[in-house]
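Colleague:
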Amino acid sequence: DRSIKIAPSILSADFANFGAEIRAIEDQGADWVHIDVMDNHFVPNLTFGPQAVKAFRPHVKTFMDVHLMISPVDASIEAYVDAGADMITAHVEAEWHIHRTMQAIKATGKMAGVSLNPATPLESVEYLLDDVDMVLLMTVNPGYGGQKFIQSGVEKTRRLREMIGDRPVHIQVDGGVTPETAPAVVEAGADVLVAGSAVFKGGSVEAPEVYGANMKAL
Ligand code: DX5
Ligand code: ZN
Numbered sequence: 004d005r006s007i008k009i010a011p012s013i014l015s016a017d018f019a020n021f022g023a024e025i026r027a028i029e030d031q032g033a034d035w036v037h038i039d040v041m042d043n044h045f046v047p048n049l050t051f052g053p054q055a056v057k058a059f060r061p062h063v064k065t066f067m068d069v070h071l072m073i074s075p076v077d078a079s080i081e082a083y084v085d086a087g088a089d090m091i092t093a094h095v096e097a098e099w100h101i102h103r104t105m106q107a108i109k110a111t112g113k114m115a116g117v118s119l120n121p122a123t124p125l126e127s128v129e130y131l132l133d134d135v136d137m138v139l140l141m142t143v144n145p146g147y148g149g150q151k152f153i154q155s156g157v158e159k160t161r162r163l164r165e166m167i168g169d170r171p172v173h174i175q176v177d178g179g180v181t182p183e184t185a186p187a188v189v190e191a192g193a194d195v196l197v198a199g200s201a202v203f204k205g206g207s208v209e210a211p212e213v214y215g216a217n218m219k220a221l
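Below is the structure:
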């Protein structure tokens, strides 16, 4: 299914009102809810762990997309499965044996995604493409919302779509996605768009056009 999916990141939501914020984005048409887990080690910021993610679960009616920016990963997989993740994405830079990590996620029956930082070459996932459901291309350096889109992500998306060929693998683009930057990555072959600050401004949902019908029609 290559229809465009919009996955607002609750990193830019009001941290005191996650339940209401998740309801608001889903009411306005979000396809997935993107949860940014940061450990203050793999990335220089700290967000929430499995207990909080589990508390989000009953509020998520769509699909809970958990982006782990943590290292190591393997010992935490079970906790995020138990928290109710539908998809778990881990960074290729975060585990020595990322293939094992992907196998471990798939073995739980959940969907598995692998993520690349902006400077990490596509070749690092070439031999994983038969084993994952999604590749997440970071178009900012992970750690914070509200950063500027790194333009090389467009060409990277195009090359990745070629590498994927006819495999059923989603391409998710994450970082600096706005109504201005989204069309180029969609044209290049991305089908899941994460948007944080473009959707949530000042703690409330303010930019429904980011995940509105016009965006999905791209
Ligand atoms: C960055 C996170 C992103 C972030 C995107 O480390 O992985 O999901 O929330 O935020 P924006 O859309 O503001 O770049
Ligand atoms: Zn993310």
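Mapped onto the UniProt record's numbering, the consecutive letters of the sequence shown carry residue numbers 4 to 221. Glycine is no exception: its CB is placed at the ideal position from the N, C-alpha and C atoms.
Looking at C-beta atoms only, is the number of pairs between the segment 97 to 106 and the segment 139 to 147 that lie closer than 8 Å three or more?
Modeller: No, because fewer than three Cβ pairs between the segment 97 to 106 and the segment 139 to 147 fall closer than 8 Å, the two stretches do not touch.
Colleague: Would you list the residues sitting across from Thr92 in a DSSP beta bridge?
Modeller: Your numbering for residue 92 matches position 89 in the sequence shown. His70, Gly116, per the DSSP bridge assignment.
Colleague: Three Cβ pairs or more, each shorter than 8 Å: is that satisfied between the segment 157 to 168 and the segment 198 to 210?
Modeller: Contact between the segment 157 to 168 and the segment 198 to 210 is absent, because fewer than three Cβ pairs lie under 8 Å.
Colleague: Rounded C-beta distance between His70 and Ile25? I'm assuming under 8 Å.
Modeller: Numbered from its first residue, the sequence shown carries residue 70 at position 67. Numbered from its first residue, the sequence shown carries residue 25 at position 22. The Cβ separation is near 15 Å, so there is no contact.
Colleague: From Leu221 to Arg170, what does the alpha carbon distance come to, in whole angstroms?
Modeller: On the sequence shown, residue 221 is found 218 positions in, with the first residue counted as 1. On the sequence shown, residue 170 is found 167 positions in, with the first residue counted as 1. The predicted model places Leu221 with a pLDDT of 47, which falls under 50 and marks its position as unreliable, so this point remains unresolved.
Colleague: Whole angstroms is fine: what's the gap from Ile9's alpha carbon to Gln175's?
Modeller: On the sequence shown, position 6 is the one that residue 9 refers to. On the sequence shown, position 172 is the one that residue 175 refers to. In a straight line, the C-alpha of Ile9 is about 10 Å away from that of Gln175.
Colleague: Say whether the segment 34 to 48 touches the segment 10 to 20, bearing in mind that this needs 3 or more beta-carbon pairs closer than 8 Å, one atom from each stretch.
Modeller: The segment 34 to 48 vs the segment 10 to 20: in contact.
Colleague: For Asn120, tell me which candidate among Asp85, Gly178, Thr104, Asn43 has the shortest Cα-Cα distance.
Modeller: The count along the sequence shown starts at 1 and reaches residue 120 at position 117. It is Gly178 whose Cα lies nearest to the Cα of Asn120.
Colleague: Quick one: grab the DSSP three-state call for Ala220.
Modeller: Along the sequence shown, one-based indexing puts residue 220 at 217. With a pLDDT of only 49 at Ala220, under the threshold of 50, the placement of this residue in the model should not be trusted, and no figure is reported.
Colleague: For Leu140, name the three-state secondary structure that DSSP assigns.
Modeller: Here residue 140 is taken as the residue at index 137 of the sequence shown, counted from 1. Correct three-state label for Leu140: strand.
Colleague: Is the beta carbon of Asp133 less than 9 Å from the beta carbon of Ala115?
Modeller: Taking the sequence shown and counting its residues from 1, the one referred to as residue 133 is at position 130. Taking the sequence shown and counting its residues from 1, the one referred to as residue 115 is at position 112. Contact flag unset, no.
Colleague: The alpha helix (DSSP H) spanning Ile28 covers which residue range?
Modeller: For the purposes of this step, residue 28 is taken as residue 25 along the sequence shown, with counting starting at 1. Element bounds for Ile28: 21 to 30.
Colleague: With C-beta atoms as the reference, is Met105 less than 9 Å away from Leu131?
Modeller: What you label residue 105 is simply residue 102 of the sequence shown in a count that begins at 1. What you label residue 131 is simply residue 128 of the sequence shown in a count that begins at 1. Going by C-beta atoms, Met105 is nearer than 9 Å to Leu131.
Colleague: For Thr111, which residues of its own chain have a beta-carbon under 6 Å away from its beta-carbon, when the five flanking residues on both sides are left out?
Modeller: In the sequence shown, the residue the question calls residue 111 occupies position 108. Hits under 6 Å: Val84.
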